[in-house]
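Protein chains in written order, with our numbering: chain F, 6 to 176; chain A, 529 to 650. Cβ atoms here follow ideal geometry from the backbone N, Cα and C, with glycine treated the same way.
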């Protein structure tokens, strides 16, 4: 099952749509509950830890991404998202940004992300993710932070901008 | 294959990150146009249009040729191609993320009592 990807260059917007197994309520839980998120959020080979998740408009979701392999602290990525729309089972949007390990937001890293969930059949949903790219200023800022140094490969590096999740959970 | 936005991609993104310039680029998708025509269509003063076009030209997004009294602007393909390559790497990140969610849900489904396969035709 592959995702449908649409790249809107002029508007700097990326849409990824994929069909997944599960009722809308379950898919919603996967996006909004730490116990589920840690099982899949992030690139393969990474794990995520979720420290704070207050599911309401204005609420904060804070997490850490780190490689499964041995790694230095500077390879960890700390994310801090602020929810905007919280419409159970169907629509979730948040401003996805980076933060320091103590939770201080890093200005200019916010990236608007919208997730919509629609049941297309019993126990099957279409998940649509729309990501708007950070401002050019944010891209310029992200480079010198050094946060991504040490990540391997292009994807991991870009991940920092898109804001990755990782996790293969299960300790 | 670039790992991160190259300086030229940043210049392109920067140039596009302005409503009037984005409108100009959209307009030029239909074909080359003279400055005066662009200004009229976008509904901005010609000096402003000229300024925006110069920024777009500096980023390599448009080029101009002189024809009689006016300058005709057209879109250049290469910056968009370069941008597309870069955006592809973003896409891969999100595709992978969507796949992980899909895989996770497949496993959850196997664990649950409801194992009916519902390959919806949607």
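Quick check on residue i: buried or exposed, where buried means 16 or more other Cβ atoms within 10 Å of its Cβ?
i, result
"residue 30/F", "exposed"
"residue 591/A", "exposed"
"residue 86/F", "buried"
"residue 540/A", "buried"
"residue 607/A", "buried"
"residue 144/F", "Bear in mind that a pLDDT of 45 at residue 144/F, under 50, signals an unreliable position, so the number given afterwards is only what the model happens to contain. Flag for residue 144/F reads buried."
"residue 57/F", "exposed"
"residue 547/A", "exposed"
"residue 115/F", "buried"
"residue 10/F", "buried"
"residue 72/F", "buried"
"residue 77/F", "exposed"
"residue 567/A", "buried"
"residue 129/F", "buried"
"residue 641/A", "With a pLDDT of 43 at residue 641/A, under the threshold of 50, the modelled position of that residue is not reliable, and the figure given next carries that caveat. Exposed is the call here."
"residue 59/F", "exposed"
"residue 44/F", "buried"
Do you know whose CA, among the options, lies nearest residue i's CA?
i, options, result
"residue 605/A", "559/A, 572/A, 563/A, 628/A", "559/A"
"residue 489/A", "634/A, 602/A, 629/A", "Past the edges of chain A, shown from 529 to 650, lies residue 489/A, and the structure says nothing about it."
"residue 576/A", "549/A, 595/A, 587/A, 593/A", "549/A"
"residue 64/F", "53/F, 89/F, 44/F, 41/F", "89/F"
"residue 587/A", "570/A, 636/A, 563/A, 542/A", "542/A"
"residue 595/A", "562/A, 544/A, 623/A, 620/A", "562/A"
"residue 91/F", "120/F, 77/F, 17/F", "120/F"
"residue 556/A", "600/A, 574/A, 538/A", "600/A"
"residue 574/A", "564/A, 619/A, 620/A", "564/A"
"residue 571/A", "597/A, 552/A, 610/A", "552/A"
"residue 95/F", "35/F, 79/F, 102/F, 81/F", "35/F"
"residue 61/F", "27/F, 98/F, 8/F", "98/F"
"residue 46/F", "609/A, 538/A, 622/A", "622/A"
"residue 137/F", "632/A, 624/A, 619/A", "619/A"
"residue 28/F", "70/F, 93/F, 68/F, 17/F", "93/F"
"residue 538/A", "598/A, 611/A, 582/A", "611/A"
Output the boundary residues of the beta strand (DSSP E) element that contains residue i.
i, result
"residue 61/F", "Looking at the DSSP string, residue 61/F is not in any beta strand (DSSP E), and its letter there is neither H nor E."
"residue 84/F", "82 to 92"
"residue 17/F", "Unbroken run through residue 17/F: none, as it is neither H nor E."
"residue 124/F", "116 to 126"
"residue 129/F", "129 to 137"
"residue 77/F", "No beta strand (DSSP E) contains residue 77/F, which DSSP labels as neither H nor E."
"residue 95/F", "That residue, residue 95/F, is in no beta strand (DSSP E); it is neither H nor E in DSSP."
For the alpha helix (DSSP H) that contains residue i, what are its first and last residues?
i, result
"residue 34/F", "29 to 37"
How about residue i: is its Cβ closer than 7 Å to a heavy atom in the ligand HEM?
i, result
"residue 13/F", "This structure simply doesn't include the ligand HEM, nor any ligand for that matter."
Under 8 Å: do the region 18 to 26 of chain F and the region 96 to 109 of chain F share three or more Cβ pairs, one atom per stretch? Contact fails: fewer than three Cβ-Cβ distances are below 8 Å.
Curious, which full-length alpha helix (DSSP H) runs of at least 4 residues does the region 539 to 621 of chain A contain? Counting only runs of 4 or more, we get 547 to 556, 563 to 570, 574 to 586.
Would you call the region 52 to 62 of chain F in contact with the region 626 to 635 of chain A, where contact means no fewer than 3 C-beta pairs closer than 8 Å? Verdict: no, contact absent.
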